[in-house]
Structures are given as structure tokens and as C-alpha cells.
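Peer 1: Residue numbers (the UniProt record's numbering): 1 to 227.
Built from N, CA and C at the ideal position, the CB exists for glycine as well.
Note that this is a predicted model, so its numbers are computed, not measured.
Next comes the structure, spelled out in C-alpha cells:
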């Protein structure tokens, strides 16, 4: 065997060794961080921004009451009289001698109120609760026909193997969404996923109650909560 052939074999073996190292590193990266999520194109299109938002049509800045450098406007006699009435009412509310006022009730804790999405069927079908919804049924996707029994614990949905509902497709994030039991009602929450979570065709931007027999779409998979 000539020296040239031996040198070529050495370089070939070295290149093959580096290819093997890159394959191992790529496999470890996929196991640790998951595959890259592909961006799904929304068929309904991007919704128009509501009037009044920054940069959107219909936005108008607040009116300027006075130009810079203009002399201050003196209050009229009527406005001074109204200010006197307000001051008198404030003094009465402060509990000065000779006045009476009812005791102030203690502050109450605020309980979050979830409202259904506009245009969804949440107003047509009853809300899914722990008493009337007993199973999660996957209606489309790679796991169509799968049924998962519902209890009272929350369910996590995503590509991660530690999710309660594992969905493996290119449009599902590692930790995509979560199904919560809030005051015995099932609520869907998006976990800042790439392609979003859709309830009855509407994108979920906050924790939203789920109605019975209403489709929830995550990536290319849809499911419903049924009796």
C-alpha cells in the first residue's frame, strides 16, 4: 500500500469520525431541547388591530387643551362654586365634628371572572365542568379517536414527554397549552406557544372557559370535552 493511499484513508477515516460526532451532538440536542417548531400560517388571516391602539387606523391623539406658553385659564365663578361644594362633601366624608357617615365596608378579595370569546359557541353549549365533562376526545390529528378520562387535576398539552397529552407535530410547542380546573369549570390557557391555541376558531389570549363539544385546536390536532 502506497503512502498516498494510506494518507487518503486517514483523511477519509477522520472525516467519517467527525460526521459521527455531529450526528451524536444533533441527536442529543433534539432530546434536550426538542425539535424546532414550524410557524403555522393562520387561514383566517391576522385580525385587524382595534381602533385606538398605537399605529392602527382610527387612532387619534388626545386633544391638547392649551398651547405651550399660553397664559393659564382663570376658573369662572360657577366652577369656583362647584369646587366649594366638592370640598364641603369631602369634609363631611372625612368625619369632621357635626357630620355623620356610614362605616366603610372592608375590601373584598377580587375573584377572576372568565368571559367566553366573542363569536364562539360558548354561549350555545353549556360550559364544561367537572360534573358534566368526563372525557377529552381527540377529533383530528395523528391521535384522532383517542379518549382521555378527565378528573380534577390540570392537563398539560405539548410535545414534551412529561405532558399529560403528548402531541408530536411540527406546529406544536414543547409546552403548548394547559387545561385548568377553576372553580369546577374547565379553562384553556395558552402557554406563550409559537402557533397559538384556538377555541372554536378564535385564538386564546387569556384563560378562557371551554364549552362542551367545542373544538380546541393545537397545531394540527383538535379535541373536544364531552360528557
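1) Cα separation between residue 198 and residue 204?
2) May I have the straight-line CA-CA distance separating residue 160 from residue 173, to the nearest angstrom?
3) Measure the CB-CB distance between residue 180 and residue 215 and report whether it falls below 8 Å.
4) Provide the residue(s) that pair with residue 189 in DSSP beta bridges, ordered along the chain.
5) Whose C-beta lies closer than 6 Å to the C-beta of residue 127 among residues of the same chain, with five residues either side of it excluded?
6) Please state if the CB of residue 141 and the CB of residue 220 are separated by a distance shorter than 8 Å.
7) From residue 9 to residue 28, what distance separates their C-alpha atoms?
8) Can you tell me where the beta strand (DSSP E) with residue 124 in it begins and where it stops?
9) Keeping to the same chain, check which residues put their C-beta closer than 7 Å to that of residue 218; ignore five residues upstream and five downstream.
Peer 2: Quick answer:
1) 6 Å
2) 8 Å
3) In terms of Cβ geometry, residue 180 and residue 215 do not form a close pair [threshold 8 Å].
4) 178
5) 185, 209, 211
6) yes
7) 29 Å
8) Neither: residue 124 is in no beta strand (DSSP E) and is coded neither H nor E.
9) Answer for residue 218: 157, 167, 172, 176, 177, 197, listed in chain order.
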